[in-house]
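Beneath this line is the structure, given in structure tokens, with notes to follow.
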Amino acid sequence: MSNVLRQHAEQLFIEELEELKKQDTEKRPYTWQLSPQAVVTYLMGGRLNNGFEVQPKYIGSRRLIEIAVATLTTDRALLLYGLPGTAKSWVSEHLAAAISGDSTLIVQGTAGTGEEAIRYGWNYARLLAEGPSEKALVETPVMRAMQTGKIARIEELTRISADVQDTLITILSEKILPVPELNTAVMAQKGFNIIATANNRDKGVNDLSSALKRRFNTVILPVPDSIEEEIDIVKRRVESYEKVMELPVERPALEEIRRIVTIFRELRNGVTADGKTKIKVPSGTLSTAEAISVVNNGLAMAAYFGDGQLKADDLAAGIIGAVLKDPVQDKLVWQEYLETVVKTREDWKDIYRACRDL
Amino acid sequence: MSIHVLGIRHHGPGSARNVKEYLERIKPDIVLVEGPPDADGILEWAGNEQLVPPVAILVYQPEAPQKAVFYPFAEFSPEWQAILYARRNKIPVRFMDLPMAHQFELKATREPKIDAEEAPSLNNTLAPHIPDARTVKYNPIAYLAGAAGFDDEEKWWEHMFEYRQDPQDVFTAIAEGIQALRQDLRLPYDREEQLREAHMRKTIRQAEREMFTEIAVICGAWHAPALINMPKAKDDNDLLKGLPKVKVGTTWIPWTYNRLSYSSGYGAGINSPGWYEHIWRYPNDDGSRWMSRVASLFRGQQKDISVAHVLEAVRLSSALAALRRLHKPGLEELNEATLSVLCNGEDFMMQLINSELIVSDRIGEVPSDIPRPPLQTDIEKQQKRLRLPQTADFKDYVLDLRKETDLERSILLHRLDMLGIQWGERFGASGKGTFKEQWRLQWDPSFSIEIIEKGSWGNTVEEASSQYVQHQARTSTSLKEIVTLLETAIPAELHAAVEVLIQQVNNLAAATGDVMQLMTVIPGLVQISRYGNVRKTDASLVENITGGMITRICISLPAACISIADDAATELLDLIYSMNDAILVLQEPELTNRWQQTLFQIAHNDSTAPIIGGYATRLLADHRQVTGNELVKAFSYAMSSATSPAISAAWLEGFLKGSGTLLLVDNDLWTVVYNWMHHLEEDAFKQLLPLLRRTFSNFSKAERRKLGEKAKGGVTGNAGIHQQGADNIDVERALKGVPVVLKMLGIK
């Protein structure tokens, strides 16, 4: 096993991808490594004809993934939109891995992302010494994806300032990246496309211009529908985390995960699971991803500071940290929830005590 | 000689196309269609230019019209296409299902209540649900769909048969598939099902006997195998022997797409009539035409959609179809593409597409000379005359009752309302004045049942509504119900019924001992007498009984105000309030006088509930019956320290009820309260303060602020209110305004 903390998807699941490639009999578009059907299978999981089991990567609606994959076969780019922690980047990484065999062509969007991070930059030493030349050009992931006909990923597209976002318009509509300094242009090879992700519940985002919006097909990734689905997601991700971190701890009981997910869902939806009691909603998003990290955190606590078994005490700090994003208002919300909901549940006494004592 | 059994899905556009093509190829000399033979007589209307689908055959029992079933047909219904083919080619067409005359009776013996909505032969578009508790509700077709790798049987059927371009052998395939299902699934014995299939076979045999050579049979896919493999004729005849029978009537009625859809609770409904119509009309559409319609709908809603958007959406839907190994994008793919490309992933616009395009609001038409109940003919005649068309979508009308046509429209709507045909819904008209009415009209095909049912009361709207109301008046024992009826009957101008109603009101009023019930109806009656003038109706009849009733109330009210609980007192207080309003509206000196005396009695009885006592005193002050020193005396008496604080507080609350503003402008009232407070000893004031607070807290914030300002100014309160002096009036100029004011008041 390598010592890399987190491997790229295409390496981590290399066996599955190879197997899918072998079994894949459908037509592959352009430079795609797999057929669209096989890409969907890779993401949603399933059993291949020879009995090989493919792990599900995304747990949720198959239709959404189908729309996403179908979009990438057309010449429109894909925009994955949703709350933080709804597996947007995760889906985008796996799509790129399955389609291009390469999920590393990535631009992380921030308020400081400039044009040179998306189009191309210059090696200034060379530029001064030799003047503008191909050699002095510094390629970006987008440019490389265009040259090789692969999928480029842009994370947090809406964080990039609006004028920089618009540099994507020519790339997406004409599939060309002009380099006026050299009087040339990079022509996109077949198979090139962009997957962008964006948040819809965040401060300081720049809405896409309608010209750019038109180049994207939007797929909104929702929070999980049912509690079972969410528990499943948390369980799978926690297990893979355990493997990577090599924690000397017993596997978390399903019951613990269920309680965490219940707390998160109730606070997120503003109503108890039985639909009877209304609850105030805290300011944080309380996504599935956060539930996963709370459980992971609890596991680490149990392993190094506890008795090796995941208990309410190990989880309490994590839960409170996830819920209390605003020290004043969220605290009231949390206390109300603790006193009116958690306290009344007979078998939740330990969690109540652990949270109250903190 | 040969029999061609075509198994179809009800309202399936692909099935319809296949049936049409198949019939044109084999050229049958008779067509048999799954449907009620009771309606064979009205089949000749099919093909008439004015019979425009969606329409339905209504089968009803003239004796009990609520027991009725509909057989709806859309343009894309295979049955409709088969019937049309037969009519076009002048060959006989017959229905072959078990006659409703029998089915009604069978149903009645099996279950006491029958749902008027559900046509039994169309229980499900494809096949009956297996009514077995263990297998839950499972459509047998789902087995076939599951075997083909689909999770939804409707979708499987759609892609297998409805979207299919090449109809070769499709009917043989369907029959074989269903045959396998019927053999392998052990379905519980269903007598009705057996009877229906037996009758279908009987009809086929009958056609054979009549020497028809090419017989085309159109039936639900589920029945196809049962009609291909014929058992012995004797078995069927034995089964059908001695069935009970009732008399039924049939007619064509217009239908709507909305009623055809699942969401309106119709058993054999389809999700998307609008979409089906689209694929019926444009079978080769690859989605471009549909997307253009979506785009133009969006543009109509001020949402910018470019041609490129449409293009991209069509492309995405095709890519999705390819990904799902479908040969053509279905509605699902198109919707997903719309959502992703046109709506940026937000689904609120999808609602619009659903109601406007996928379901759509089409309503059918029925020729005017079709035989139908006389009441319906009358309604349609009046609708045409008054230009109030039946529409599937709602339409708003503002009626100006001073105009002849609008008045007649209003009368018609009120009359239909009285008959229980809720075509129009009344809204409070904006703007003041009683000559305006606002209505929202939306026609519902199920009114046909109501019309047939109410047809027993008369052949015209006027006659039927009048008779029906009189019947209700005679049987009802609730005063309130009768007065509500009266309120509608007067604008409906049903004079005979009004007289009966008034008489009934009088009778009931005399009999009732409940003064509160009487008081509840008074405002309504007063409303009527006011309304009467605008309506050119003689309202004096109502005024007479109002007088009588008010007298009755005045007699028993004082006793009713004694020893009652707090909440009852509050309720009574509201009634007294509206009663007082009504008296003021009536402006009958005699009645006003009597009312004042009653109030006086109430106010001066110590046992009256204090809140009512206080209010009665206030009303008397408003009527100028108790003024000056009298008022001060009454006030101080009630507020004296000997009475317990709770009682004084209640009295004060009643006295000042809703009068924050009144206290501001009525200087007499102000003076009384001000002086009383001014003379209070300090200790007494402290004691009373909480009570005052309680009363004043009911006033609005602005009122309280102004009261405070006024209190600064002392007794006269001039600091708050500047009264206009009435001294310097320029008489000449004032006279010029008088005609205008008179005109505004309606006095010529």
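Sequence lines, in order, name chains A and B.
Under my numbering, residues 1 to 358 are what the first sequence spells out, in order.
Under my numbering, residues 1 to 748 are what the second sequence spells out, in order.
Here a beta-carbon is modelled for each residue, glycine too, at the ideal position from N, C-alpha and C.
This structure is a prediction, so every number in the text was calculated from the model and none was measured.
- Sequence-ordered contacts of the region 52-86 of chain A with chain B read R63, E66, I67, V69, A70, T71, T73, T74, R76, Y81 [C-beta pairs closer than 7 Å].
- Beta bridge pairing from DSSP links H4 of chain B with B:A216.
- Between the region 71-78 of chain A and the region 176-196 of chain A there are three or more C-beta pairs closer than 8 Å, enough to call the two in contact.
- At a C-beta separation below 7 Å, E336 of chain B has these neighbours in chain A: R63, I67.
- Look at the region 155-173 of chain A: it has no residue with a C-beta under 9 Å from a C-beta of chain B.
- In this structure, E266 of chain A places its C-beta atom within 8 Å of the C-beta atom of V341 of chain A.
- Interface flag for I176 of chain A against chain B is unset, since no Cβ pair is found closer than 8 Å.
- Here the region 272-291 of chain B makes contact with the region 326-338 of chain B; the two share three or more CB pairs at distances below 8 Å.
- Per DSSP, the beta-bridge partners of S261 of chain B are B:I270.
- Between Q37 of chain A and chain B, the shortest Cβ-Cβ separation is below 8 Å.
- Against chain B, the CB of I99 of chain A has no partner CB under 8 Å away; the residue lies outside that interface.
- Per DSSP, F13 of chain A is not a residue of any alpha helix (DSSP H), being assigned neither H nor E.
- Secondary structure of E156 of chain A (DSSP, three-state): coil.
- Between the beta-carbon of H159 of chain B and that of E34 of chain B there is about 24 Å, and that puts the pair past the 8 Å contact cut.
- Within the region 79-117 of chain A, the complete alpha helix (DSSP H) runs of at least 4 residues fall at 88-100.
- For N217 of chain A, the enclosing beta strand (DSSP E) stretches over residues 216-221.
- Around the beta carbon of H471 of chain B, fewer than 16 other beta carbons lie within 10 angstroms, which makes this residue exposed.
- Within chain B, L323 have C-beta atoms less than 8 Å from the C-beta of V40 of chain A, given in sequence order.
- When Cβ pairs closer than 8 Å are counted between the two stretches, the region 537-557 of chain B is seen to touch the region 586-597 of chain B, the count reaching three or more.
- In the three-state reduction of the DSSP assignment, V741 of chain B falls in the helix class, which pools H, G and I.
- When DSSP states are grouped into helix, strand and coil, M211 of chain B belongs to the coil group.
- Following the DSSP letters along the chain, one finds G249 of chain B in no alpha helix (DSSP H) but inside the beta strand (DSSP E) bounded by residues 249-254.
- Residue environment for D304 of chain B: exposed (fewer than 16 other C-beta atoms within 10 angstroms of its C-beta).
- For Y397 of chain B, the enclosing beta strand (DSSP E) stretches over residues 395-400.
- In this model, D369 of chain B and I379 of chain B are separated by some 14 Å (Cα to Cα).
- E408 of chain B is not a Cβ neighbour of L375 of chain B, given a cutoff of 8 Å.
- For the region 193-206 of chain A, the beta-carbon criterion of a distance under 8 Å to any beta-carbon of chain B is satisfied by none of its residues.
- Using a Cβ-Cβ cut-off of 7 Å, V219 of chain A is close to S340, G345 of chain B, given in chain order.
- Taken in chain order, the complete alpha helix (DSSP H) segments of 4 or more residues contained in the region 34-119 of chain B are 78-88, 100-110.
- With respect to the 8 Å criterion, G654 of chain B and I612 of chain B are classified as neighbours on the basis of their beta carbons.
- A185 of chain A and L79 of chain A have their alpha carbons spaced roughly 25 Å apart.
- Put simply, the region 88-96 of chain B does not touch the region 398-414 of chain B. Fewer than three CB pairs are less than 8 Å apart.
- Taking C-alpha positions only, V498 of chain B is separated from T484 of chain B by approximately 12 Å.
- Counting of Cβ neighbours within 10 angstroms places R440 of chain B among the exposed residues, the total staying below 16.
- Going by beta carbons, P225 of chain B and A175 of chain B fall inside the 8 Å limit.
- CA-CA distance, T213 of chain B to K90 of chain B, rounds to 16 Å.
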